[in-house]
Structures are given as structure tokens and as C-alpha cells.
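What follows is a single structure, written as C-alpha cells, with notes after it.
Residue numbers (the numbering used here): 47 to 360.
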């Protein structure tokens, strides 16, 4: 093990997945993001990350994640360098460990949006600056932290809440499962057979959560009495060749007025966007008073401020 790799493993705290954090730490992210949002609304300028620079290295296209991270970093007084994978030596098969060690000498943090979880893990192994997962096919931790912040704005406590995930057992579902295991709310995931969450992630979380995480193929069962209904697109990036099959398989997994009626009267609806109206969510629900998807989208910026402040502040 070289000195830079040893330094990375001992002195740097990365954000690769939620399971690495305690309940207190996750709640601290949420509390701090809410504070930063309130301060921004009062016109308070933040400069905690002045003279700090992050690199956004994105293999996948993005609107909300890219802009919210850039706005967050600039809003904290820092600087951003954006690199798509085609603009780096990764397009020419440079080893990840080489990129990690070189980039660590240029910037104060790496924010990565890519396909394999192994990519962010290897970068974190060799980087001497924090590595933040901005989405992989396995996890989407920063998004779920933003979603939890949004829930906390509308509900008095996460304790005892009944949250329903309707749709694909994808990276978002995985991070929601990890959050439920740590924070203690009830999570029911309604996924078509064959599209359930990863078995290892699910079993590990269920062992910690004392029966509070349940998987079903019945959307009505999941939504019954729920405080929060939550969904995502049926076909994620990289699955485009499955789109027609998924449209048929997921047809009963739309959050619409029918499903909303079986939830609690004051239930809120989450969607991380972009939305395919008429597929995973109806236009009426997305535009309705119980949907907080656009608050949720704004909150990505405030949560990313909290994340960057914690991981990059000198």
C-alpha cells in the first residue's frame, strides 16, 4: 500500500452509500441542510468553502444533479470543474487509481456520477480527497438524503412514518432501504416480480430493521395507510433496450388518484424527477397539492451544500 492510498483510508471520509453512516450522522445532514436553506431564504450568504474546488466527473448525463451540485458549491463560495467522461483520460482507459491520485492534487473533492459502484469505491481507495457518490447503478445516497429532508419539512418526525416505494427495485430503492434500516421508519416496496431490490442489500437492511422493511408486488398493499408515496422512472439510464418490456410489466405501478386514495389523507408524494407523466406517476398527481416533487428538486441544492460543507470544509 503506497502512502497516498494509506492516507486516503485513514484521513478521508467519503460518501459512497448510506450504510457507512450512523443515525445521528444522517440526521445531522438533514438538520444542517434545513438550516442552510432557511439562511439562504433570509438572504444570508455562505462562504464556508471559499478557496475550495471540486471536480464533477460524470459518466451519465444529468440536469438536476449537476446543476444542484454546481449551485451548491458556488453558493458556498467554492469553485467547480465539470468533466464528462469523454473529456478525461478515462475515455482512453486510464486506470482509476491513477486518476484518483492525480486529481487529488488538483481539487479538494471528487463528485462522481457513473455506472458501477466499484468505480467510486476504487476512486475512494486511492484518492486523498473526499469522494462523493452522485449516482451509481447501485446507490443514489445524496438524492435520498434530499428526499428525507423534504419529508422532514412536511412531517413532524421520521420515526414511525410509513413510506411506500412504488416501482423498480433500483438504485433509489437501495438507498431508501439503507436509510430505513438506519433511521427506523417503515418502508414497503411494491415492485413487479423479477424487478425486486438486490437481495443482499435487502437482507442486510432487514436484519437491522426488525421487520420494518417489506417487499411486495402489490402497489395497493404498499400504499395503504402510507404517509409518503415515492416513485422513480420505470426505465433508468442504460436500460433503454428494456423500455417496451418495462412499460408492460410496470403498468399497474402508477401513482395515480386511485393509489393516492388508499394512502393517508395528508400523504405526500415524492418523485426525484425527471417524470414520465402517465407512466410511473399521473399528470394529475404530479401537479396536485400533495406532490412535493419540485420542493424535493430544490432541496437537492441545499442538501448538497450540507454534504459539501461536511466533507470539504477545512
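A virtual CB, placed ideally from N, CA and C, is assigned to each residue, including glycine.
Would you mind giving the Cβ-Cβ distance between residue 261 and residue 248, rounded to the nearest angstrom? I have them listed as a contact below 8 Å.
Yes, they are in contact, since the Cβ atoms of residue 261 and residue 248 sit about 7 Å apart, within 8 Å.
Starting from residue 97, follow the alpha helix (DSSP H) in both directions and report where the run begins and ends.
That residue, residue 97, is in no alpha helix (DSSP H); it is neither H nor E in DSSP.
Could you tell me the distance, in whole angstroms, from the CA atom of residue 333 to the CA atom of residue 322?
Answer to the nearest angstrom: the Cα atoms are 13 Å apart.
Is it true that the CB of residue 268 sits closer than 7 Å to the CB of residue 259?
Their beta carbons are not under 7 Å apart, which means residue 259 does not touch residue 268 by this criterion.
Output the distance between the C-alpha atoms of residue 86 and residue 348, rounded to the nearest integer angstrom.
For residue 86 and residue 348, the distance between alpha carbons rounds to 9 Å.
Kindly give me the distance between the Cβ atoms of residue 331 and residue 303, rounded to whole angstroms, as I take these residues to be in contact under 8 Å.
Contact flag correct, Cβ pair sits at about 7 Å.
Please list the terminal residues of the continuous beta strand (DSSP E) segment that includes residue 217.
Premise fails: residue 217 lies in the alpha helix (DSSP H), 217-229, not in any beta strand (DSSP E).
Please determine, among 131, 159, 341, 325, the residue with the shortest C-alpha to C-alpha distance to residue 9.
Since the first and last residues shown for the chain are 47 and 360, residue 9 lies out of range.
For residue 312, which of 93, 207, 83, 59 has the nearest alpha-carbon?
Out of 93, 207, 83, 59, 207 has the C-alpha closest to the C-alpha of residue 312.
If distances are taken between C-alpha atoms only, which option among 168, 214, 157 comes closest to residue 187?
Nearest of 168, 214, 157 to residue 187, Cα basis: 157.
Here's a check: name, in chain order, each residue in its chain whose Cβ is nearer than 8 Å to the Cβ of residue 194, leaving out the five neighbours to either side.
Cβ within range, chain order: 72, 76, 204, 225, 229.
Short check: CB of residue 168 to CB of residue 129, under 7 Å?
No, these two residues do not count as a Cβ contact at 7 Å.
With H, G and I counted as helix, E and B as strand and the rest as coil, what does DSSP make of residue 18?
Here the chain comprises residues numbered 47 to 360, so residue 18 is not present and cannot be evaluated.
Determine the contact status of residue 231 and residue 212, defining contact as a CB-CB distance below 7 Å.
No, the Cβ-Cβ distance between residue 231 and residue 212 is not below 7 Å.
Label residue 113 either buried or exposed according to how many other C-beta atoms from any shown protein chain fall within 10 Å of its C-beta, with 16 as the threshold for buried.
Residue 113 is exposed by the Cβ-count criterion.
For residue 317, list the residues DSSP reports as bridge partners.
Bridge partners of residue 317: 277.
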